[in-house]
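So the sequence shown is residues 2 to 93, counted in my numbering.
Don't be surprised by glycine CBs; every beta carbon is placed ideally from N, CA and C.
Accompanying notes for the structure given below.
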Amino acid sequence: ERFKGQRFSVGSGSPFAYGVLDSGYKHDLSLEDAVELGRRAIYHATHRDGASGGVVRVYHVHEKGWTKMIAGEDVNELHWMYAKQKGLLGNE
């Protein structure tokens with residue numbers, strides 16, 4: 002059975018991803034902002050849940066199919082990048 006909706010997360014890290022999606026989702030997000038929201042959601046899911054992998058891949062699903070937006074980013078590298086953006090060291 003297929004579900005209809007605007008945002009989905011599955012797997013053991015999905016509660017972490019849903020927290021990010023629920024706080025950042027807006028109906029009128031640009032594609033760039035939506036990709037970044039997905040990236041952050043996957044980062045939080047994988048960073049907090051060891052069984053979630055460690056790589057971020059983001060796809061844009063649209064009426065003509067799908068487009069790969071992020072092929073594979075290492076969550077560890079994103080951790081340090083996001084920490085720096087917040088003015089943190091990353092090991093707090």
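Would you kindly report the start and end of the unbroken alpha helix (DSSP H) that includes ASP23? Run containing ASP23: 15-25, per the alpha helix (DSSP H) assignment.
In the structure shown, what three-state DSSP assignment does GLY55 receive? Looking at GLY55 - three-state DSSP - the assignment turns out to be coil, as it is neither helix nor strand.
Neighbour-count burial assignment, ARG3, 16 or more Cβ in a 10 Å radius: By the neighbour-count rule (16 or more Cβ atoms within 10 Å), ARG3 is not buried but exposed.
Assess contact between the region 41-60 and the region 70-87, defined as three or more Cβ pairs (one per stretch) separated by less than 8 Å. Is contact present? Output reads yes: the region 70-87 touches the region 41-60.
Let me check one thing: in DSSP terms, what residues is TRP67 bridge-paired to? Its beta-bridge partners are VAL62.
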